[in-house]
Each structure stands twice: as structure tokens, then as C-alpha cells.
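Contents: one structure, followed by commentary.
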């Protein structure tokens, strides 16, 4: 029997352990003879910051059969049902971006265009969020669960929610769940290359130790230790269109007995925006800003003035926004922050890791000596397109009415990407459609219209007269859409009355443990 192929993941944390789980699971399903090692040094401290996900994370938990309530208990997790955007369109204006999709549960009439419910909402002058189940839950800080008379907890609907959690605890949780994955506690000091093809043959570990492998995954975060430091992979910068490049992180404790929001708060400030991510015990917070327009001391003073109290800054994070030109070079794939980084406005980092590793495992993963160069090229094209789509979506958030500070004036005038402008121009001629976003990820989650509509609607970027003309073209569809919209609003408002409070749900789950 052939020797098993050795897949080596450098860096643990959330990205590294997700990669290990996905590779191990796919190898088992397909009967591949693989062994997996994760190299993670206990000498590199893990900073526990608040992190937010998309619904893809819940899909991952269900895929692996991981008990969601156990996950809540062991990671201090809380619900994320959407994003609350404050002061983006203009100061004093707030809109929500719920992450559920009403079109998922409503059968469209034959021949109806996709997203017809969104078009109806815009035409009627109603916030598109109103027909989302998560919207009343967001407004009332409730969980998408109800309690039955016997005390058991049941989900309110079919929609996948997302999570907030302590990133350090999640890495430990996945590590504790791993079976058959070798854990190597060591620092990586370099690599040895195959003299024939230049690929990585082995890692050089501290103390002159070696770890041979057939395929390597770089999950070393901002260090990009293998893919950039060793393999010199080129970087494509998004700094022009996404000008924030620095973050000031801090924590705020959750007060005993206080209710807990179920959304990521994205609060626009003078030179960027502030995030607040609630976990069960504390808010992971930070101000992500452009140091072209603010110094660290000015950023700290601004946060304290806005919050009305002093903060203890937990670091000074500088970052490059962009992506690798090629996330896969030779026998090395980069994932997570090693592969790309965008400001955390739409929780793209962990989402990207999950989708990229599932894409790799399902379509390209094989014995390393059987992987053709065309597979690498195809993977790189798909993954590159995904991150470019993330960039354009995040860039769209900056098409605002604000011109009250130098930062906002500069962003409005000079930092909107051509693709963003092209899409907005197209949507002045036809309302956004699902067909505008073809799925090039083999059916895996990708940027869709259901994420765009609340943002475009909240920023005032959709044309009500255009939506009305589209609805007027089919009176039967307009009537059906009106009845469906009103029915969803009534149904979901009633369901919210049965929902548990967010903090109460988390308390009950803790007691179950």
C-alpha cells in the first residue's frame, strides 16, 4: 500500500483547525490515504478578540455534527443575526442588514424574476428588512429560539444564523474536537525545498528539527510565513478603495444581568468605523481607521468621547488590505489572513476560509503528485474572484451622503472602485437580480443579492421609480408580492413574540452544560 500523503498545516487558530477538519472529513469521505499534522507553537500568544462570522459557520458545524449548544458553552459565543449600521449614510441614520433570506421560504410564481420581493419593498417605500424573520429579533435583542412547555429549546425558523465568539476559544474548541490529527508544538524557522521543482519538501523547526510533508497549508495569519516569506507570493493591494489600515482594539465587559444585542455594531466615525461584537461575557470592540486622517492618540480620544468613558487599548494593529495574486503556489495553499484581508465589515475572513477550504477539498484535493497545474490555476481564479467580490461589496458601503470629515470627503470623491460604480450604474437601469452574481464556487456560498439589498436600500442607492416600473409591468406579480410581503411581516412579528431574549437563551444553554 502507498505511504499516506502528509498534509501539514502551519498555524492553528480558527483558520488552521477549520482547514484540518475539512481536509480530514473529505479524505475520509473519499477514502483518500492521508495523514494530517497541525504545527502550532504555544510560544506564539493568541489574542482573544471578538470575531463575527456569516451563516456559513453554522453550516460547517452541522456538516461536522458538532452540537451547537456545546459550541455556545465552550466559546462564549452569542448569536449574530445581522449587522447594525450606524451613521454610514449620514450621521443619525441607522439601518440593519439581517442575514436571512425570505426568498428561501417563498415559492416564486412561474416566470417571476428573482428577488421580486425586494423589488416590491423598494417600490412600496418599505425597508426590505421588514420581511426578514431576523429583523424583529434584531430590534428586540432576541434569540431565534423559543422554549417549549417541557423546557426544550426549538428554532423559530429554517434560516441559518451566524455567531460572535472569542477567536482564541474557538481555535481551542476545534483542536479539542480533532481526532487523528497530529499536533506539533514548535516554531517554524524555515523550509527546505525540493531541488527538482522548488516545492516545499520539509519545514525546519526550532532545535534543528525537520517535518517532512507532501502538501502544506499556510494558516499563519498576517505573518504569511510560508506563502510570502518563503515563496515570495505577490500581493494585490486594495488600499486605494478600502483606505482603512489600522485598528485600535479594546474590550467592554457585559454588565451582570444585562440584555445582549444579537448583531455586530458597525458605527461610522470621523476616520473609519467602530465595531462592537458581543460575546456572552464581554464586547470585543475596536476602531478601524485610516492613519492618513487620524493618529492612534486621536483615534483613542475620539472613541472615549463617543462612548463617554476611558478604554484600555489592547494593541495597535496595522494591516495590509488586499489578497495574494495566487493563494496556491506549488504544493502550498494559503488560507485565512495568510491569503487575504479586508476590514471586518462583513465578516469575510472566516467565511472565506470555510468556502475556500471546502472548494479545495471537494474539487482539487488529491495525492499531491496527481494535482495538475491547471487545477491550481482554476482554484486561484475562483478564489481571487471571491475576494474581489468581497472588496466590491465592502467598497459599496462607502457610497454615502457623508462629507463632514476629510476622510469621508476623500472616500466619496476618490476611493470608489470602478466595479462598484459599474454595478451601481447597472442597477439604475434594472433592479439587482440574483443573476448578477453567478456562482463560480461550485454551489458553495458566495456574495448574493440577499446581502446587497439591505445595504443598497439602507444607503439610498436604489431607485424607487425603477422598482415601481418593474412591478407595474406585471400587476398579478405585484399583487402576489404585496400579499406575500405583508404576510411575512405579520408572521415574523408574531414569531418574535415567542422568541427568548438573547441573554436568557445563553443562560439556559450554559445551565444545560
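Numbering (the numbering used here), first residue to last: 14 to 526.
Using N, Cα and C, we set each Cβ at its ideal position, and we do this for glycine too.
Sort 385, 375, 514 and 458 by Cα distance to residue 43 and report the nearest one. For the purposes of this step, residue 43 is taken as the residue at position 30 of the chain shown. When 385, 375, 514 and 458 are compared, the shortest CA-CA separation from residue 43 is found for 375.
Can you find a CB in chain B that lies within less than 9 Å of the CB of residue 216? Of the protein chains in the structure, only one exists, and it is not chain B.
Residue 41, DSSP secondary structure in three states: One-based indexing of the chain shown puts residue 41 at position 28. In the structure shown, residue 41 sits in a helix (DSSP, three-state: H, G or I).
Should residue 248 go down as buried or exposed, given a rule of 16 or more other Cβ atoms within 10 Å for buried? In the chain shown, the residue the question calls residue 248 occupies position 235. Classification of residue 248: exposed, given that the 10 Å Cβ count is below 16.
Using a 10 Å radius around the Cβ and a threshold of 16 neighbouring Cβ atoms, would you call residue 118 buried or exposed? Your numbering for residue 118 matches position 105 in the chain shown. In this structure residue 118 is exposed. Its beta-carbon is surrounded by fewer than 16 other beta-carbon atoms within 10 angstroms.
Closest by CA to residue 46, which one among 52, 381, 490 and 426? Along the chain shown, read from residue 1 onward, the residue named residue 46 stands at position 33. Nearest to residue 46 by C-alpha distance, out of 52, 381, 490 and 426, is 381.
Would you tell me roughly how many angstroms separate the C-alpha atoms of residue 113 and residue 525, rounded to the nearest one? The residue you call residue 113 lines up with position 100 of the chain shown. The residue you call residue 525 lines up with position 512 of the chain shown. Across the structure, residue 113 and residue 525 are spaced so that their CA atoms are roughly 27 Å apart.
Hey, how far is the Cα of residue 101 from the Cα of residue 281? On the chain shown, residue 101 is found 88 positions in, with the first residue counted as 1. On the chain shown, residue 281 is found 268 positions in, with the first residue counted as 1. About 6 Å.
So does the stretch 133-143 actually touch the stretch 194-202, counting three or more Cβ pairs closer than 8 Å? They do not touch, by the three-pair rule.
Reference residue 231; option with closest CA among 241, 224 and 225: On the chain shown, residue 231 is found 218 positions in, with the first residue counted as 1. Per the Cα distances, 241.
If we ignore side chains and look at the alpha-carbon of each, how far apart do residue 156 and residue 92 end up? Here residue 156 is taken as the residue at index 143 of the chain shown, counted from 1. Here residue 92 is taken as the residue at index 79 of the chain shown, counted from 1. Rounded to whole angstroms, residue 156 to residue 92 spans 7 Å at the Cα level.
Kindly provide the ranges of any beta strand (DSSP E) runs that are 3 or more residues long and lie completely inside the stretch 44-116, ordered along the chain. You should have 47-52, 63-65, 91-93, 95-99 and 107-111.
Look at the Cβ atom of residue 339, then the Cβ atom of residue 270, and state whether they are nearer than 9 Å. On the chain shown, position 326 is the one that residue 339 refers to. On the chain shown, position 257 is the one that residue 270 refers to. Contact flag unset, no.
Pick from 20, 378, 82 and 38 that is closest to residue 519, judged by C-alpha positions: For this step, residue 519 is matched to residue 506 along the chain shown. If we check each option's Cα against that of residue 519, 82 comes out closest.
Spell out the partners DSSP gives residue 145 in its beta bridges. Counted from its first residue, the chain shown places residue 145 at position 132. The partner list for residue 145 (beta bridge, DSSP) is empty, contrary to what the question assumes.
Would you report the Cα separation of residue 263 and residue 309, rounded to the nearest angstrom? If you number the chain shown from 1, residue 263 lands on position 250. If you number the chain shown from 1, residue 309 lands on position 296. A direct Cα-Cα distance of roughly 13 Å separates residue 263 from residue 309.
Run through the stretch 151-224 for me and flag every whole alpha helix (DSSP H) of 4 or more residues, listed as ranges in chain order. Complete alpha helix (DSSP H) runs here, min 4: 180-190.
Which residues in the same chain as residue 342 place their Cβ atom closer than 7 Å to its Cβ, once the five residues preceding and following it in sequence are excluded? The residue given as residue 342 occupies position 329 in the chain shown. If we look at residue 342 and ignore the five residues flanking it on each side, its Cβ neighbours are 240, 244 and 246.
Which term fits residue 274, buried or exposed, when burial requires 16 or more other beta carbons within 10 angstroms of its beta carbon? Counting from one through the chain shown, the residue named residue 274 turns up at place 261. Per the 10 Å Cβ criterion, buried.
Start-to-end residues for the alpha helix (DSSP H) that takes in residue 431: Taking the first residue of the chain shown as 1, we reach residue 431 at position 418. From DSSP, the alpha helix (DSSP H) with residue 431 extends over 431-439.
Helix, strand or coil: which one does DSSP assign to residue 405? The count along the chain shown starts at 1 and reaches residue 405 at position 392. Residue 405 sits in a helix when the DSSP states are folded into three classes.
Taking the continuous alpha helix (DSSP H) assigned at residue 467, which residues delimit it? Here the question's residue 467 lines up with position 454 in the chain shown. Counted as a single uninterrupted DSSP element, the alpha helix (DSSP H) harbouring residue 467 occupies residues 462-471.
Spatial distance of residue 332 from residue 410 (CA atoms): Locating residue 332 in the chain shown gives position 319, counting from the first residue. Locating residue 410 in the chain shown gives position 397, counting from the first residue. Rounded to the nearest angstrom, the two C-alpha atoms are 20 Å apart.
Short Cβ contact (9 Å threshold) for residue 405 with residue 364: For this step, residue 405 is matched to residue 392 along the chain shown. For this step, residue 364 is matched to residue 351 along the chain shown. With contacts defined as CB atoms closer than 9 Å, residue 405 and residue 364 fail to qualify as a contacting pair.
Selection from 167, 292 and 174 that minimises the alpha carbon distance to residue 182: For this step, residue 182 is matched to residue 169 along the chain shown. The residue among 167, 292 and 174 with its C-alpha nearest the C-alpha of residue 182 is 292.
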